[in-house]
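In what follows, a structure is listed as structure tokens, so that the remarks can point back to it.
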Ligand SMILES: [Zn+2]
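Right, here's the structure in full:
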């Protein structure tokens, strides 16, 4: 199957291109070769984007199908119990009407630590309660780090997520990993060839993650108000250590009923990180409740623009930047030879980010899919 999209504006994952002809040949993006195509589309007035990547999601039944209908072709899951993960991976491998998946699998947390309480609470609301209710391995001693990481590698985890959360953000103290365990986990993961991503919600927890040497953060911190110099100091540490940050502003918005200042703080931190040159990856913390898989990412892109990113920077955060920092070398950009995960939208999201919602077409691994168009 060959599909030619003619005269289309494109965002290639890094920069905007005024007009191009893009060929989809089988499951790959190809250079137009002058030979015929089975389908030809007129790209006038439209913009072609790489399939969107959500850098922080949670996967339950229906999540991957829902994500794809909004043009999110890859989800980076940040905690999934083994039996659920096996089922979701099989789905992503066998079908083209669901988003592709990478996952941390079982995250590293202290016995009784976050997200034990959250999982117990949501399990009662799921079709398959065992997808959240099951017991999972925790870690209480640095000497267990190597075997913990080996078990994750054996389960097929694509990266290691490390929880540094003493409950102060949520207002309920919970056990958390000590600095010695965090450091031992990062070292063991590096030896095993896995990236490390820390869950930290406060500036203090973020500093602990940096001390441990993680590669990235699963959230911005949300406890420094605008004008607090602590945010600038932490941002320059992140920049110096080359650590990337997944934004999750949509998550802070969704919990904002109790404390709208968290979104204000988190959005301000995004602006500080941008000015410091810290790589920003668009992620939502999507789950079956709020924000949701798929449309949550479009909201995230809008919140990133509101926080000071240009529309181009926001689109890069939702495509090329995330692919680069997670080693997804076959996607996140539009270039010959890459996997044909593509989204065609009406209008120009490189100027007005709201247009990312105006989905006209989606291809997943070269197979055309039905999308959901939102008015914004
Ligand atoms: Zn999460």
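In my numbering, the protein residues as written are 1023 to 1398.
Don't be surprised by glycine CBs; every beta carbon is placed ideally from N, CA and C.
Relative to ligand 1, is the shortest distance from any of its heavy atoms to the C-beta of residue 1101 smaller than 7 Å? Yes, Cβ of residue 1101 sits closer than 7 Å to a heavy atom of ligand 1.
Have a look at residue 1338 and residue 1202 and give me their C-alpha separation to the nearest angstrom. Roughly 35 Å between the two C-alpha positions.
For residue 1271, report the span of its alpha helix (DSSP H) as first-last. In this chain, the alpha helix (DSSP H) harbouring residue 1271 covers 1271-1276.
Best match in 1033, 1026, 1025 and 1027 for proximity to residue 1372 [C-alpha to C-alpha]: Checked all of 1033, 1026, 1025 and 1027; the closest Cα to residue 1372 is 1033.
Cβ-based burial, residue 1093 [other Cβ within 10 Å; buried from 16]: Burial call: buried.
Residue 1112 classed as buried or exposed, judged by whether at least 16 other C-beta atoms fall within 10 angstroms: Burial call: exposed.
Report the start-end ranges of each beta strand (DSSP E) in the segment 1176-1223 that is 3 residues or longer and not cut off at the edges. Qualifying beta strand (DSSP E) stretches, in chain order: 1181-1185 and 1217-1221.
Delimiting residues of the beta strand (DSSP E) encompassing residue 1062: Membership of residue 1062 in the beta strand (DSSP E) is indicated by the continuous run 1061-1064.
Could you give the distance in angstroms between the alpha-carbon of residue 1229 and the alpha-carbon of residue 1223? Linking residue 1229 to residue 1223 through their CA atoms gives a straight-line distance of about 11 Å.
Runs of beta strand (DSSP E) wholly within the segment 1228-1273 (minimum 3 residues, chain order): Whole beta strand (DSSP E) segments, 3+ residues: 1266-1268.
Spatial neighbours of residue 1135 within its chain, please: C-beta separation below 8 Å, excluding the five flanking residues on both sides. Correct list, in chain order: 1160, 1185, 1187, 1196, 1197, 1198 and 1199.
Note down the Cα distance separating residue 1115 from residue 1252, rounded to an integer number of angstroms. Rounded to whole angstroms, the separation of the alpha carbons of residue 1252 and residue 1115 is 44 Å.
May I ask which residues mark the beginning and end of the beta strand (DSSP E) holding residue 1389? Looking at the DSSP string, the run of the beta strand (DSSP E) that includes residue 1389 is 1389-1391.
Could you say which of 1218, 1028, 1283 and 1156 lies nearest to residue 1068 if we only look at CA atoms? Shortest Cα-Cα distance from residue 1068 to any of 1218, 1028, 1283 and 1156 involves 1028.
When you compare only the Cα positions, how much space is there between residue 1047 and residue 1035? Residue 1047 and residue 1035: Cα-Cα distance of roughly 19 Å.
Is it the case that the CB of residue 1347 approaches a heavy atom of ligand 1 more closely than 7 Å? Checking the Cβ of residue 1347 against ligand 1 gives no.
Among all the DSSP beta bridges, which residues are the ones paired with residue 1072? Note: residue 1072 sits in a beta bridge opposite 1364.
Could you pull the DSSP bridge partners for residue 1028 from this structure? According to DSSP, which records beta bridges pairwise, residue 1028 is partnered with 1064.
If we call anything under 8 Å between Cβ atoms a contact, is residue 1292 one with residue 1329? Taking 8 Å as the Cβ cut-off, residue 1292 and residue 1329 qualify as a contacting pair.
Nearest-angstrom Cβ-Cβ length linking residue 1393 and residue 1362, presumed shorter than 8 Å: Residue 1393 to residue 1362, Cβ: 15 Å. No contact.
Is the Cβ-Cβ distance between residue 1218 and residue 1181 less than 8 Å? Yes, Cβ-Cβ distance for residue 1218 and residue 1181 is below 8 Å.
Going by other Cβ atoms of all chains shown within 10 Å of its Cβ, with 16 needed for buried, is residue 1263 buried or exposed? With fewer than 16 other Cβ atoms inside 10 Å of its own Cβ, residue 1263 counts as exposed.
DSSP-derived helix/strand/coil call for residue 1153: It is helical.
Give me, in chain order, the residues of the same chain whose beta-carbon lies closer than 6 Å to that of residue 1052; leave out the 5 immediate sequence neighbours on both sides. Around residue 1052, the same chain offers 1045 and 1358 as residues with beta carbons nearer than 6 Å, after the five sequence neighbours per side are excluded.
Closer than 6 Å by C-beta to residue 1309: which residues in its own chain qualify, once you throw out the five before and the five after it? Chain order, please. 1080.
For the alpha helix (DSSP H) containing residue 1085, list its first residue and its last residue. Its alpha helix (DSSP H) spans residues 1085-1091.
Return yes when at least one heavy atom of ligand 1 lies under 7 Å from the C-beta of residue 1307, else no. Placement of the Cβ of residue 1307 at a distance of less than 7 Å from at least one heavy atom of ligand 1 is found.
Tell me which residues share the same chain as residue 1343 and place their Cβ nearer than 6 Å to its Cβ, disregarding the 5 neighbours each side in the sequence. Cβ neighbours of residue 1343 beyond the five flanking positions: 1301 and 1303.
Could you check whether the Cβ of residue 1078 sits closer than 7 Å to any heavy atom belonging to ligand 2? For the structure depicted, ligand 2 is absent and the ligand set comprises only ligand 1.
Roughly how many angstroms separate the alpha carbons of residue 1368 and residue 1380, rounded to a whole number? The straight-line gap separating the alpha-carbon atoms of residue 1368 and residue 1380 is approximately 5 Å.
Tell me whether residue 1240, by its Cβ, gets closer than 7 Å to a heavy atom of ligand 1. Yes, the Cβ of residue 1240 comes within 7 Å of a heavy atom of ligand 1.
Exposed or buried, what is residue 1174 when buried is set at 16 or more other beta-carbons lying within 10 Å of its beta-carbon? Buried.
8 Å Cβ cutoff met for residue 1420 and residue 1288: The question about residue 1420 has no answer here: the residues shown for the chain are numbered 1023 through 1398.
Residues in its own chain within less than 7 Å of residue 1333 by CB, not counting five upstream and five downstream? Take residue 1333, set aside five residues on each side of it, and the residues of its chain with a beta-carbon closer than 7 Å to its own are 1327, 1371, 1372, 1373, 1374 and 1375, in chain order.
How many Å lie between residue 1189 and residue 1026 at the Cα? Per the coordinates, the alpha-carbon of residue 1189 lies some 52 Å from the alpha-carbon of residue 1026.
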